[in-house]
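So the sequence shown is numbered by full-length UniProt numbering: it starts at 1 and just counts up by one.
Here a beta-carbon is modelled for each residue, glycine too, at the ideal position from N, C-alpha and C.
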Amino acid sequence: MSSDKICPDGNDKIDKLIQDAQLNANYYLDVIEWIPYNRFKDIKQIGKGGFGTIHYARWIDGFIREWDIENKQWKRWGEEEVALKKFDNFVNLNNVLNEMSIHLKTWTWTYDASIQFYGIIHQEVFLTVNLRKFTIPT
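See the structure below:
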């Protein structure tokens with residue numbers, strides 16, 4: 001995936017959130033990106049709450065690891081388990097973007113982190129988060 005594919009989605013507010021997060025990233029795990037919906041597989045609903053529905057998925061590419069100078073593309077960690085959050089009764093984009101912005105400002109990466117925000121996809125407004133520490137109820 002080339003560097004021009006990390007952003008944009010076509011919505012100015014979403015593009016700005018992604019761009020600001022990328023410009024302020026100090027570490028590769030701080031980067032968020034635009035993730036095409038077709039880069040996920042094995043999508044299954046695992047929960048539903050007042051604001052939305054949570055799905056399990058496998059992110060085919062995985063998150064960015066570093067820039068490959070020779071090939072001029074991002075190196076990635078490979079397939080990753082993630083949770084996708086679909087906002088039901090989606091009314092106010094500003095509220096969602098504000099929540100994401102707060103999450104990005106307050107989240108710090110540690111091995112004990114419970115949820116990491118990776119990016120935004122445009123399939124019915126999903127958010128993508130890391131499932132490494134996420135436990136699926138049985």
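Within 10 angstroms of the Cβ of residue i, are there 16 or more other Cβ atoms? Answer buried if so, exposed if not.
i, result
"residue 102", "exposed"
"residue 75", "exposed"
"residue 52", "buried"
"residue 141", "Nothing about residue 141 can be read from this structure; the chain reaches only from 1 to 138."
"residue 33", "buried"
"residue 67", "exposed"
"residue 77", "exposed"
Any idea what DSSP makes of residue i, helix, strand or coil?
i, result
"residue 25", "coil"
"residue 100", "helix"
"residue 64", "strand"
"residue 14", "helix"
"residue 3", "Residue confidence is low: residue 3 scores 43 on pLDDT, short of 50, so the model does not pin down where it sits. Its coordinate-derived value is still stated next. Residue state, collapsed to three classes: helix."
"residue 105", "helix"
"residue 88", "coil"
Anyone know if the C-beta pair for residue i and residue j falls short of 9 Å?
i, j, result
"residue 69", "residue 28", "no"
"residue 23", "residue 100", "no"
"residue 97", "residue 13", "yes"
The beta strand (DSSP E) spanning residue i covers which residue range?
i, result
"residue 32", "Element bounds for residue 32: n/a, residue is neither H nor E."
"residue 43", "40-48"
"residue 54", "52-59"
"residue 75", "73-76"
Does any residue of chain C bring its CB to less than 9 Å from the CB of residue i?
i, result
"residue 49", "Reference to chain C is not applicable here, since this structure consists of a single protein chain."
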